[in-house]
Amino acid sequence: MWQGKVRILSNEEVAPDCFRMRLEAPEIAGEARAGQFLHVRVVVGYSPLLRRPFSVHRISEKFKVKDSRLQNVEILYEVAGKGTMILSGRQVGEELDILGPLGNGFDLPGDMETAILIAGGIGVAPLLALAQEIVQSSKLKVQSKKVHVIIGAKMKKLVLCEEEFKELGCQVRVASEDGSLGYSGTAVGLFKELLSTLNFELLTVYACGPEVMLKKIAEITSEKKIPAQLSLEGRMGCGVGACLGCAIKVKNSKGKGKDSPADGGQMEEADFSYKRICKDGPVFGADEVVWNRR
Amino acid sequence: MWQGKVRILSNEEVAPDCFRMRLEAPEIAGEARAGQFLHVRVVVGYSPLLRRPFSVHRISEKFKVKDSRLQNVEILYEVAGKGTMILSGRQVGEELDILGPLGNGFDLPGDMETAILIAGGIGVAPLLALAQEIVQSSKLKVQSKKVHVIIGAKMKKLVLCEEEFKELGCQVRVASEDGSLGYSGTAVGLFKELLSTLNFELLTVYACGPEVMLKKIAEITSEKKIPAQLSLEGRMGCGVGACLGCAIKVKNSKGKGKDSPADGGQMEEADFSYKRICKDGPVFGADEVVWNRR
Amino acid sequence: MEPKVNLSVKVAGIKMRSPVMVASGTFGYGEEYEPLVNLNQLGAIVTKGITVQPRKGNPPPRIVETSSGLLNSIGLENVGLEIFIKEKLPFLQRFNTPIIVNICGEKEEEYVHISERLDKVEAVSGLEVNVSCPNVEKGGMEFGRETGTVRRLVSKVRKVTKLPLIIKLTPNVTDITAIAQAAEDGGGDAVSLINTPLGMAVDIERRKPSLANVTGGLSGPAIKPVALRMVWEVANMVKLPIIGMGGIMTAEDAIEFLLAGATAVAVGTVNFVNPSAALEISRGIEEYLVKNKIRDVNKLRDYGARWKK
Amino acid sequence: MEPKVNLSVKVAGIKMRSPVMVASGTFGYGEEYEPLVNLNQLGAIVTKGITVQPRKGNPPPRIVETSSGLLNSIGLENVGLEIFIKEKLPFLQRFNTPIIVNICGEKEEEYVHISERLDKVEAVSGLEVNVSCPNVEKGGMEFGRETGTVRRLVSKVRKVTKLPLIIKLTPNVTDITAIAQAAEDGGGDAVSLINTPLGMAVDIERRKPSLANVTGGLSGPAIKPVALRMVWEVANMVKLPIIGMGGIMTAEDAIEFLLAGATAVAVGTVNFVNPSAALEISRGIEEYLVKNKIRDVNKLRDYGARWKK
Ligand SMILES: Cc1cc2nc3c(=O)[nH]c(=O)nc-3n(C[C@H](O)[C@H](O)[C@H](O)COP(=O)(O)OP(=O)(O)OC[C@H]3O[C@@H](n4cnc5c(N)ncnc54)[C@H](O)[C@@H]3O)c2cc1C
Ligand SMILES: Cc1cc2nc3c(=O)[nH]c(=O)nc-3n(C[C@H](O)[C@H](O)[C@H](O)COP(=O)(O)OP(=O)(O)OC[C@H]3O[C@@H](n4cnc5c(N)ncnc54)[C@H](O)[C@@H]3O)c2cc1C
Ligand SMILES: Cc1cc2nc3c(=O)[nH]c(=O)nc-3n(C[C@H](O)[C@H](O)[C@H](O)COP(=O)(O)O)c2cc1C
Ligand SMILES: Cc1cc2nc3c(=O)[nH]c(=O)nc-3n(C[C@H](O)[C@H](O)[C@H](O)COP(=O)(O)O)c2cc1C
Ligand code: FES
Ligand code: FES
């Protein structure tokens, strides 16, 4: 974990309102794992007051170069409000105060033979780093052509990183809600289609995207008993586990482990507890998560 | 009085930490008088929350052109804190929210034959507009060579507007505290020297600068019974006379009119009242002002 | 084109074309902003606090900025009751907008005197009884921090006037709902929430307080969360209609107050930053209603009534 | 090089090498920030509020940003007294920095139980008695809003422990000096000022409160003026030493508190923004003292004592 100022090497709009920013950050690049995030202070002043979390999107050259100046980290972000708006205006050459890498990262079972990575919208951000890690790791069995990537987006021009995944040798499928590219429908629809063609043995599903998408994927994988890891979001304070502001409800292993009533009623006290998205996550097992959050 | 967004035409550092900004503002240029000020919102957000006041420094082309796009207004400002720092970073072509012209402006007696304008540091800002107004007015008797300008500054490189005053035909004298240009000493010293060479009949003194300077000038002019007008500063809220935040203590005409004790004790209630710098000023008669403000 | 939604509200019997008023002490006597703002489009104009005698106010510096806030210690500088009636009211009267006079005093008798006097002045639509000014040595906020003093003062004023009485409360109390209840018990028709929390800033170079009067009232966006909370608490405990204020800068801010339970809102500090704020906020509320298919601004406060802790 | 000025202070008998502490609830149990901050350089570490039983805390969302502020409604999530002693204290103990345990309860007996238990735990340098948590249904702030409840609670705790007792007060009261006096009367050794003012934010798109628990405590620069005012008021009325906090982001902010009368300061929300803030602020105070030729940080509070309204 490291905090300090790093130089902005690039900050480009790669799709409408989506930017990719590259940072000169050897301290992070050497340490960061897919699924972890950076906590970024977008301004020096107090507006906004808090840092903003962004997933590690790509760790450049990590495995290729020794020169620390080339050990860069990228984030991919969407303009969602004030903070990301300010970030999108930051200039190349300026310094950015970052804290990271934070969080737990994705878990990569050594015996995994097939991986499905499902991205909804900007949720693609951590999955590219994940594909990178899977493909470049020597410890894993899984081969790049057994890494299936589903990229879901509203429309063609919002489909992100298709080329990048292909370069890594992944099997890439695209879903667009308006049918303007690839499968016409959501990433979940395409996922179901893909599942019907695959062997479930030694398969792991990884997903990041809007909560409704993650919830559906959790239902599917739970039914089919496929292990699934989801990267979640939530309002973040400290990012390091100290403020307890980023709570997410999870089923207690001791408890009966069932979801709370659909009417939004309370679960039994003994059946759930809160975890910290920043420290215990942001990657959670699909089975843990209690979905009827407000 | 007008409020709205105007375009920044230029924003240049004319001396260390001193900037001149030109604004395309026909609504202001047509109306503004020397001694009035603009209330400027330096950012869109709330940091800083309030507007910042700056004197009308030069009204470009006012008397020369009909084309409203050429009717520009300039301010001259020093980086004194957060707001002026932000202002100095604003770019040509951007819009700036301004409110003005505000305040009362300098009074120009029709029978004035000689004028002395004394500027301390950034206090030169309103005095250039004043020289412009005096020289370009057809109603006044005073001739440009009877407009004496004293520019005081800490050192040579902080002497502002010498050329501009000369172009208007004024008699310009410079004082630098370190002796690096012109008279070695303060503007007040040079003023005393100048006074000893002039006829006091139909003379008016105008001054803007640090409070210690204005106080000394008030003492000199009061002793010699020379009318003097001072442009004052103070923390400003609304700028239009509504909030009563910019109070300054003045002698009551009814009261005995004497200054409060030098030990900073209170004046008699009946002897003073508060005026609003923004609306009743920022130009005050030197005789009115009660100087022992904190 | 007719507006598609209703923006008009009624507070303490005063009908307003818009729920957006301008707050006391931030809009002078109206005339200062007239060159910039169409006064006919405001919900109501609340004047600077008026006392029986003219007041000079506190020594400068009287204001200082803080993070997202403004501290002021004006000290109730005002022209006094009679000059107000003779010289300030006639100007305001020319507009088709309710005039609410903010009144203050060092003793109960002064509130009573002013109310009695203004009761006979036709131009006045209502009184905002200021038991919350933090910047005077005597009176003001001192009346507003205990239920007993509030109830007694309001009932005394109630006896001498039929004018709508809006009681303006201070947030510097342990339980705002008890104070609001006291205002109702005393015979008040509405409450204004909130006046400024007492604050302070220090000049570390001079090692002195930034304000000559040491402490001042804090206004602006910094106080909005506290103001909203108090509005919601009072809306859920007391029957009186509420004029919400404290840090409103945008239509979104105003809507937060209306949802939390305010019938109308007042904008203060924002006038200094953007004189047309009240009108822009009014338009912004209208757009919100249209966009969300809510026909009447008065429906907004139903939401807050449903929120439960 | 020897430091040219004295930065060490003593609060309630606890000696600290720097007047800059980290505030309860914003620094976890220390271990979270240890990778980033040299814990040996802090004035003191105040832990997250501890209750007898573990607490889950409130449902999310628990935090939301406001202008220059942060609203939180954590709801005192903590591991509970015994796990704290067994699993969290041993880590903290490794550092050469006073550990102050923030304690809270729903009933007086719980405060008493925790104090009695911690009295015997050597690693603990002092207790911060939290009578000001605004985010729990029972207890917390309810003990801190009346002089009677404060005095009684403090004196009960006083009886069972010799540990220094720092009473952490809520700003949500009419008269903070009366509460601080009650803390002294009950036998407290110092007061912490301030915990968070109660606030609220509304999500106008969903037309619901932004926090699941509706209201929350406001922290950050927005509250600094109110905190400073309370510190100055208490410093001038009550003998107890004060730990000042509320919106401190920079050394300048901290110096304002020290001038106003605080013996030490605590930094909270800024830790989230800049984990090294406490250490940077400590260095900034040192530079200020050197620049202004003030030999001892303890001289700063003499200034506030001279300011008069
Ligand atoms: C672990 C983690 C990793 C993330 N990784 C990425 C990533 O790689 N790329 C990416 O683009 N994003 C990522 N995000 C999300 C990203 O952090 C947010 O989009 C960003 O913080 C938004 O900041 P903002 O200031 O632009 O928006 P804000 O102004 O904070 O608002 C963003 C949205 O949140 C809602 N919101 C904000 N405040 C409130 C409130 N008070 N009440 C109700 N709703 C509110 C608003 O509706 C708004 O649309 C990640 C989040 C987490 C937790
Ligand atoms: C009518 C009028 C006309 C003016 N014309 C000009 C002009 O033409 N050119 C020009 O350069 N300036 C002019 N000024 C001054 C100018 O407005 C200020 O320099 C400017 O507002 C500073 O803003 P800032 O945000 O940069 O500084 P701030 O951050 O506001 O601080 C400026 C200075 O004021 C002091 N200060 C600020 N806040 C406090 C506080 N809380 N306690 C103690 N001290 C404080 C600080 O020491 C600081 O050095 C004028 C002022 C007035 C009233
Ligand atoms: C400069 C100033 C003067 C004020 N004067 C008064 C006053 O005379 N009477 C009163 O009841 N409130 C007065 N107030 C309080 C405001 O009416 C309002 O309650 C408060 O500022 C909160 O709203 P805001 O945050 O929108 O400014 C004053 C506020 C300011 C900033
Ligand atoms: C997320 C969060 C959790 C907090 N938890 C506690 C707590 O458990 N006990 C307590 O006494 N104060 C708690 N506080 C209050 C802080 O200790 C401090 O008094 C307050 O935040 C003001 O300081 P600041 O503005 O520097 O944050 C908490 C504050 C925050 C922001
Ligand atoms: S953001 Fe602070 S604990 Fe997760
Ligand atoms: S700044 Fe508001 S009255 Fe002068």
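Chains as they are written, first to last, in this note's numbering: chain A, 1 to 294; chain B, 1 to 294; chain C, 1 to 309; chain D, 1 to 309. For every residue, glycine included, the Cβ atom is placed at its ideal position computed from N, Cα and C. These numbers were taken from a predicted model, which means no experiment stands behind them.
Residue i: CB within 6 Å of a non-hydrogen atom of ligand 3
i: C/T196; result: yes
i: C/G57; result: no
i: A/C278; result: no
i: D/S8; result: no
i: C/S219; result: yes
Closer than 6 Å: residue i CB and nearest ligand 6 heavy atom
i: C/R207; result: no
i: B/L99; result: no
i: B/M1; result: no
Per DSSP, the bridge partner or partners of residue i
i: C/T147; result: In DSSP, C/T147 forms no bridge with anything.
i: B/F284; result: B/L230
i: B/T114; result: B/L203
i: A/K82; result: DSSP lists no partner for A/K82.
i: D/G65; result: Residue identity check: residue 65 of chain D is Glu in the sequence provided, not Gly. Partner(s): D/L70.
Contact list for residue i against chain D, beta-carbon separation under 8 Å
i: C/M16; result: Those within 8 Å of C/M16 in chain D number zero; the least Cβ separation is about 21 Å.
i: A/G245; result: R62, I63, N72, I74
Inter-residue spacing [alpha-carbon to alpha-carbon] between residue i and residue j
i: A/L127; j: D/K88; result: 35 Å
i: A/Y183; j: A/E162; result: 14 Å
i: C/R283; j: C/A251; result: 8 Å
i: D/V214; j: C/K308; result: 7 Å
i: C/R301; j: C/E256; result: 10 Å
i: B/A175; j: B/C208; result: 15 Å
i: C/G30; j: B/L9; result: 34 Å
i: C/E77; j: D/A278; result: 42 Å
i: D/V5; j: D/Q41; result: 16 Å
i: C/V101; j: B/K225; result: 45 Å
i: D/Y303; j: D/L259; result: 6 Å
i: A/K166; j: A/V172; result: 6 Å
Ligand 1 heavy atom lying under 6 Å from the CB of residue i
i: A/Y324; result: Since the first residue of chain A shown is 1 and the last is 294, residue 324 of chain A is not available in this structure.
i: A/P210; result: no
i: A/E288; result: no
Contacts that residue i makes with chain B (C-beta to C-beta distance below 7 Å)
i: C/K56; result: S273, Y274
Proximal chain A residues relative to residue i, where beta-carbon distance stays under 9 Å
i: D/V64; result: R235
Near ligand 5: residue i beta-carbon under 6 Å from a heavy atom
i: D/G75; result: no
i: D/L228; result: no
i: A/M236; result: yes
Contact set between residue i and chain D, taken where Cβ atoms lie within less than 9 Å
i: A/G152; result: Those within 9 Å of A/G152 in chain D number zero; the least Cβ separation is about 24 Å.
Check: residue i C-beta below 6 Å from any heavy atom of ligand 2
i: B/T84; result: yes
Any non-hydrogen atom of ligand 4 within 6 Å of residue i CB
i: D/K168; result: yes
i: D/I50; result: no
Within chain D, the residues that residue i reaches when beta carbons sit closer than 7 Å
i: C/I255; result: I204
Proximal residues of chain C, C-beta to C-beta of residue i below 7 Å
i: B/G241; result: G28, E32
i: D/T263; result: Here the premise fails: no neighbours, minimum Cβ distance about 16 Å.
### Query
Going along the segment 32-52 of chain A in order, which residues come within less than 8 Å of chain D, judged by CB to CB distance?
R41, Y46, S47, P48, L49, L50, R51
### Task
Would you list, in chain order, the members of the segment 161-172 of chain C that have their beta-carbon closer than 8 Å to a beta-carbon of chain D?
N172
#### Entry: Residues from the segment 134-151 of chain C in contact with chain B, defined by Cβ distance under 8 Å
none
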